[in-house]
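Below is one structure, written out as structure tokens, with a few remarks after it.
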Amino acid sequence: MADCQLCGGYHQDGATCPLQRTGQSLGGKYVIGPLLGVGGIAAVYAAEHPVLQRQIAVKIIHKRFAKDAELSQRFVREARETAALGHRAFVRVHDAGTTDDGCAFIEMDRLSGRDLYAVRCADGPLDPERVVRIAIAVLDALAVLHNRDVIHRDLKSSNIYLTPTDEVKLLDLGFAKADDQMALTQKDQMLGTPFYISPEQYLDPSGVDARADLFSLGIVMWETLVGDFPYDWENKRDLLSKVMHGKLERHPMARRPQVPEWLDAIVARALAHKREDRFESAEEMKAALESRQMPERPGLFRRILGL
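Just so you know, we're using the working numbering here: the sequence shown kicks off at 127 and counts up by one.
Laid out in structure tokens, this is it:
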């Protein structure tokens with residue numbers, strides 16, 4: 127058995143890694159190139175049109191999921207939803223189909239740059255001004271989704287891609303849920319990444335709204351301002367317990383004094399345990415960042431009025 131250079135696992139001698147697709151034809155138009163990245167559901171490859179020399183990326187669902195109708199349905203919907211968005215913050219989708227071995231694929235623009243998680247790991251905490259610019263761009267993208275009654279549900283730093291000019295691309299809409307459609311997952315199936323999910327996303331995944339995405343963005347902002355996560359945790363169970371009970375550091379300024387007070391307050395409000403105490407919408411949070419003013423405390427006024 128040998129250590130696989132593609133997946134990092136082990137295969138019997140002579141066995142081919144299921145991620146090995148370099149040189150294969152895609153729809154008779156493209157030749158698949160090297161592997162660019164691997165996720166839990168799909169892998170992304172470079173691809174090229176041999177005649178036009180057009181460079182693209184292709185996202186292909188893992189072979190082990192090829193016969194999973196639910197995942198394939200979610201995967202195809204990702205292509206359809208993304209193609210319909212028509213916004214610069216989303217990767218352009220050109221086509222979708224099925225490979226010769228029965229795996230659904232999405233053909234899209236090939237990006238150059240790094241995801242925000244990689245930037246944070248390589249460069250450490252980001253300059254607060256840069257964090258604000260990135261957050262505003264993400265909020266623009268979220269507003270597009272939310273106005274279509276779609277929740278991203280898996281917003282995290284590795285799903286925020288930065289081009290060499292710092293243009294923001296929001297990735298991985300495969301977990302997004304349209305409120306006017308039947309959920310593709312059971313009520314008790316949590317979608318998202320534990321570090322970033324809101325308390326209500328853990329407690330009642332079927333009942334989340336746009337404010338869950340704003341909480342996740344608050345985590346991303348805290349993470350990139352401080353260079354770490356706002357949880358002190360020992361294992362996944364401990365982490366989920368702290369998510370559920372709101373036991374996190376809400377104020378990045380306590381760990382990094384260079385964070386302006388107004389920005390600290392905005393992040394803290396985004397991370398409020400009760401969603402009614404957060405910003406009501408992506409537009410409201412964006413306006414707060416652009417105005418650079420201390421946000422109001424809506425929960426306080428509601429409690430005073432007895433609402």
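Quick reminder that beta carbons are idealized off the backbone N, C-alpha and C, glycines included.
Three-way DSSP call (helix, strand, coil) for residue i in this model
i, result
"L343", "helix"
"K373", "coil"
"I392", "helix"
"M420", "coil"
"I167", "coil"
"Q181", "strand"
"D249", "helix"
"G223", "strand"
"A215", "coil"
"P156", "Just to set this straight, residue 156 is Tyr in the shown sequence, not Pro. Correct three-state label for Y156: strand."
"A173", "strand"
"F321", "coil"
"L366", "helix"
"D275", "coil"
"Q146", "coil"
"L329", "helix"
"L415", "helix"
"K295", "strand"
"R382", "coil"
"A192", "coil"
"L310", "Because the pLDDT at L310 is just 38, under 50, the model does not fix this residue reliably, and the value given afterwards should be weighed accordingly. Of the three classes helix, strand and coil, the one that applies to L310 here is coil, per DSSP."
"E406", "coil"
"A398", "coil"
Residue-level contact to chain C via CB, residue i, 9 Å cutoff
i, result
"P160", "The chain labelled as chain C is not found in the depicted structure, where only one protein chain is given."
Spatial neighbours of residue i in its chain, beta-carbon cut-off 8 Å, leaving aside the 5 residues before and after
i, result
"F405", "R337, L340, R395, A396, M411, A414, P421"
"Q419", "W388"
"L237", "A183, V217, Y287, T289, K295"
"A263", "A215, E293, V294"
"L329", "M370"
"L366", "P320, Y328"
"D226", "Q150, S151"
"E255", "none"
Expected contact under 8 Å - CB spacing of residue i and residue j to nearest Å
i, j, result
"S283", "V385", "About 17 Å separates the two Cβ atoms, so there is no contact after all."
"E96", "V276", "In the structure as shown, the chain starts at 127 and stops at 433, and residue 96 therefore has no counterpart that could be examined."
"T350", "R246", "5 Å"
"L343", "A261", "6 Å"
"I158", "G149", "7 Å"
"E233", "H213", "Not really, about 19 Å apart at Cβ, beyond 8 Å."
"W348", "V393", "6 Å"
"A168", "H188", "6 Å"
Cβ-based neighbour list, residue i, same chain, cut-off 7 Å, excluding 5 preceding and 5 following
i, result
"D253", "none"
"D298", "D280, N285"
"P325", "V369, M370, G372, H399"
"E409", "A269"
"G223", "G153, F231"
"R382", "P251, L351, V352"
"E176", "It should be noted that the sequence gives Pro, not Glu, for residue 176. Same-chain partners within the cutoff: V157."
"R240", "L288"
"H377", "D390, A394"
"G333", "E326"
"K362", "P320"
Residues near residue i in its chain [Cβ-Cβ closer than 6 Å; skip 5 each side]
i, result
"F191", "L197"
"F321", "F355"
"V170", "L162, G163, A183, K185"
"M379", "V385, D390"
"Q131", "Since pLDDT at Q131 reaches only 49, below the 50 mark, its modelled position is unreliable, and no value is offered."
"Y243", "S283, S284"
"L77", "For residue 77 there is no data in the structure shown, the boundaries of the chain being 127 and 433."
"S417", "none"
"D235", "V217, R218"
"V258", "L415"
Classification of residue i by the beta-carbon crowding that lies within 10 angstroms, buried from 16 upward
i, result
"P271", "First, the amino acid is wrong: residue 271 is Leu here, not Pro. Its Cβ being crowded by 16 or more others within 10 Å, L271 is buried."
"P331", "buried"
"Q327", "buried"
"C229", "buried"
"D306", "The pLDDT assigned to D306 is 35, lower than 50, so where the model puts this residue is not dependable; a value taken from the coordinates is nonetheless given after this. When all chains shown are included, D306 counts as exposed."
"R200", "buried"
"R75", "Beyond the ends of the chain as shown, which are 127 and 433, falls residue 75; an answer cannot be given."
"A248", "exposed"
"A267", "buried"
"L178", "exposed"
"H401", "The residue asked about is misnamed: residue 401 is Arg in this sequence, not His. It is buried - the Cβ of R401 has at least 16 other Cβ atoms within 10 Å."
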